[in-house]
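Colleague: Under the working numbering, the first residue of the sequence shown carries the number 2, and numbering increases by one thereafter. The following block contains the structure, expressed as C-alpha cells.
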Amino acid sequence: MTRELARKYGTWQRIEILSDVAIIGIPFDRTPEELRPFAEDLLRTLRLRSVWGRYRGVDEVSRVGKYVHLAGERVSEVIYKEHGFEFVLDFTKVFFSQKLMFEHDRLSRLVREGEVVINMFAGFGPLSIMSCKRGNPRVVYSIDINPFAYYYNLVNVDLNRAYCVIPMWRDAFEVINELPEADRIFAPLPELADKAYEIAIRRLKPGGTLHLFAQVEVKKGEDPVKVAMSKYRGAFFVRVVRSYKPGVYHVIVDIKAD
Ligand SMILES: C[S@@+](CC[C@H](N)C(=O)[O-])C[C@H]1O[C@@H](n2cnc3c(N)ncnc32)[C@H](O)[C@@H]1O
C-alpha cells in the first residue's frame, strides 16, 4: 500500500511506521512542501494520526534526526516494539533507529547473571533494558548525555519493569570513572569509538568484555574485519553492521580486557 502511494507521487518508498505515525525519508531533491500531498494521502489511506518527514543527517552530540511535520496531528511520541519489548520515545528528541534491532538482540543475549554492565551511550534504553530482562545482571548503568534520552530511559525501565537498569544523565567519559569496574561495557557511538575504547578498556575487570561500535576505513580490497581486528588490542570478534559510505564500514568489535 505504501509502495503504491509512493509510486503514485513519484517519490521513494523509505517510510517507517511507528504506532500510528509515519516517517518519510525526504529525498535530497524534494522539499517538504512537495511531499505534503503524499503525506496527506498516506494519513487518510492508512488512517494514521500523524506524518513526518526526516532529513538526512543527525545532531552531532545527541545523534537526534532532523524532522518536519507534514500532516495530521503534531505528535511525535510513539510506542515502539522490538523483540517483544515496548518502548516509549519521542523521535524528535532522542536518537532512534530500527537498524540497531539485530544488535540489541545479539548483544543482550550475551549478558550473564550477576554481571556489572555499563552502557555508555544508552539512548532511550533498549539495549540496557533487554540486557537486564534477559541476562539478569546485577546492575546496568545506563548513561546518556541527552536529558530527553534519560527521561525516556526512566519511563521505559518502569514500562518494562527492568529495575536492574540505573539511568544516568551524565557525560559517559566523566561518570565512567565513578562507577565500579564492569564485566561488560557497551559503547554504541561509532563516531567516538577510539576515545571510548581508551577509557572503557581501563574500566573493565580482567577478562571483561567491551562491545565497541566503531567505524573503520578500508582501502580497496581490504577486509573491514581484519582492519578492525588489528586496530583494537584484545579484539576477538568483529561483526560488520553496514557499509556506511565508500571505504567506511560500521562494525561492532568485541574486545577482551587483559
Ligand atoms: C547512537 S546513539 C545510542 C543508541 C542507543 N544505544 C540505542 O540502541 O538506541 C548515541 C547516544 O550517545 C549519546 N551521547 C553522545 N555523547 C555522549 C556522552 N559524552 N556521554 C553520554 N552519552 C552521549 C547521545 O545522546 C545518543 O543518545
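All C-beta atoms in this analysis are idealised placements derived from N, C-alpha and C, irrespective of residue type, glycine included.
Just reading off the beta strand (DSSP E) that Ala-23 is part of, what are its end residues?
Modeller: 22-26
Colleague: Work out the CA separation of Met-121 and Arg-203 for me, nearest whole Å.
Modeller: 14 Å
Colleague: Would you kindly check if the distance between the Cβ of Arg-185 and the Cβ of Glu-116 is under 7 Å?
Modeller: yes
Colleague: First and last residue of the alpha helix (DSSP H) that includes Val-76?
Modeller: Counting along the chain, Val-76 falls outside any alpha helix (DSSP H), and DSSP gives it neither H nor E.
Colleague: Any heavy atom of ligand 1 within a distance shorter than 6 Å of the CB on Gly-124?
Modeller: Checking every heavy atom of ligand 1 against the Cβ of Gly-124, one is found closer than 6 Å.
Colleague: Pull up the CB-CB distance for Thr-93 and Leu-43, whole angstroms please, since I reckon it's below 8 Å.
Modeller: Incorrect: roughly 18 Å between the Cβ atoms, too far for contact.
Colleague: Tell me the DSSP secondary structure of Lys-246 in three-state form.
Modeller: strand
Colleague: Find out if the Cβ-Cβ distance for the pair Ile-80, Glu-74 is shorter than 7 Å.
Modeller: no
Colleague: Identify every residue that forms a DSSP beta bridge with Lys-82.
Modeller: Glu-87
Colleague: For Asn-157, is the beta carbon positioned less than 6 Å from some heavy atom of ligand 1?
Modeller: For ligand 1, not one heavy atom lies less than 6 Å from the Cβ of Asn-157.
Colleague: What does DSSP give as the partner residue(s) for Val-239 in the beta ladder?
Modeller: Val-254
Colleague: Since Leu-47 sits in a beta bridge, which residues does DSSP pair it with?
Modeller: According to DSSP, which records beta bridges pairwise, Leu-47 is partnered with nothing at all.
Colleague: In three-state DSSP terms, what is Tyr-152?
Modeller: helix
Colleague: Which of the three DSSP states is assigned to Ile-18 in this structure?
Modeller: strand
Colleague: Per the contact definition of three or more C-beta pairs closer than 8 Å, is the region 164-175 in contact with the region 212-231?
Modeller: no
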